[in-house]
Amino acid sequence: MVAHDETGGLLPIKRTIRVLDVNNQSFREQEELTHIFGDLDSYIPLHEDLLTRIGEATKPDGTVEQIGHILVSWLPRLNAYRGYCSNQLAAKALLDQKKQDPRVQDFLQRCLESPFSRKLDLWSFLDIPRSRLVKYPLLLKEILKHTPKEHPDVQLLEDA
Numbered sequence: 015m016v017a018h019d020e021t022g023g024l025l026p027i028k029r030t031i032r033v034l035d036v037n038n039q040s041f042r043e044q045e046e047l048t049h050i051f052g053d054l055d056s057y058i059p060l061h062e063d064l065l066t067r068i069g070e071a072t073k074p075d076g077t078v079e080q081i082g083h084i085l086v087s088w089l090p091r092l093n094a095y096r097g098y099c100s101n102q103l104a105a106k107a108l109l110d111q112k113k114q115d116p117r118v119q120d121f122l123q124r125c126l127e128s129p130f131s132r133k134l135d136l137w138s139f140l141d142i143p144r145s146r147l148v149k150y151p152l153l154l155k156e157i158l159k160h161t162p163k164e165h166p167d168v169q170l171l172e173d174a
């Protein structure tokens, strides 16, 4: 379940931006785009790597016997999100300011109406990466809860 949905938060944002042509003069400066959207493309390979690792560890019956080593080595890579998350308040403020422009209002309305948006506004999409990050500790606790005490993953999961 985790592996199937792992890039789901980033790919719809990327598709929506491309489909709607963000460079339609709604945002006049590339700097504004970068300030609001960050470098979302750079995070996709990080999650594709997790998908690949979990896929390789998955047995034909769909189970994964050991995941601790994967998570211990992969989770530190989430530090790449520090800049994105620490910029969110400023990005939201800029987006709110830009909403005064009728072209930006039109762009945001088209985002909302896009089939890729699932009826979520743009800010909801931009918050997905942060909201996913806070779920990883909960996921680890849940995996640990269902891992037998004598399993070799216990220590690795506690370390992760």
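For the sequence shown, our numbering begins at 15 and goes up steadily by one.
The beta-carbon is built from N, C-alpha and C at its ideal position, and this holds for glycine as well.
Suppose you measure from the CA of Asp-63 to the CA of Gln-111; what does that come to, to the nearest Å? Between Asp-63 and Gln-111, the alpha-carbon positions lie close to 36 angstroms from each other.
Identity of the residues DSSP links to Thr-72 by a beta bridge: DSSP output for Thr-72 lists Val-78 as bridge partner(s).
Could you work out which residue in Gln-119, Leu-60, Ile-81 and Pro-59 is closest to Ile-68 when comparing CA atoms only? Checked all of Gln-119, Leu-60, Ile-81 and Pro-59; the closest Cα to Ile-68 is Ile-81.
Give me the Cα-Cα distance between Asp-35 and Asn-93, rounded to the nearest whole angstrom. In this prediction, Asp-35 scores a pLDDT of 48, lower than 50, which makes its location untrustworthy; no coordinate-derived value is stated.
On a Cα-Cα basis, can you pick out the residue from His-49, Gln-114 and Glu-79 that is closest to His-160? Among His-49, Gln-114 and Glu-79, the Cα nearest to that of His-160 belongs to Glu-79.
Alpha carbon to alpha carbon, how far is Asp-173 from Arg-124? The straight-line gap separating the alpha-carbon atoms of Asp-173 and Arg-124 is approximately 44 angstroms.
Who are the near neighbours of Leu-108 in its chain, counting only those whose CB is closer than 8 angstroms to its CB and skipping five residues on each side? A distance below 8 angstroms between beta-carbons, with the five flanking residues on each side excluded, links Leu-108 to the following residues of its chain, in chain order: Glu-46, His-49 and Ile-50.
Cβ-Cβ distance between Lys-113 and Leu-122 below 8 angstroms: Contact check for Lys-113 against Leu-122 passes: the beta carbons are separated by less than 8 angstroms.
Which whole-angstrom value describes the C-beta separation of Leu-60 and Arg-96, a residue pair presumed to lie in contact below a C-beta threshold of 8 angstroms? Taking the Cβ atoms as the reference, Leu-60 lies roughly 13 angstroms from Arg-96, outside the contact range of under 8 angstroms.
Can you tell which of Asp-75, Tyr-98 and Pro-74 has its C-alpha closest to the C-alpha of Ser-56? Among Asp-75, Tyr-98 and Pro-74, the Cα nearest to that of Ser-56 is on Tyr-98.
Determine the direct distance from the alpha carbon of Ile-84 to that of His-165, and round the result to whole angstroms. In a straight line, the C-alpha of His-165 is about 15 angstroms away from that of Ile-84.
Asp-167 versus Leu-158 - alpha carbon distance: Per the coordinates, the alpha-carbon of Asp-167 lies some 8 angstroms from the alpha-carbon of Leu-158.
Distance between Thr-72 and Thr-66 (C-alpha atoms, nearest Å): Cα-Cα distance, rounded: 10 angstroms.
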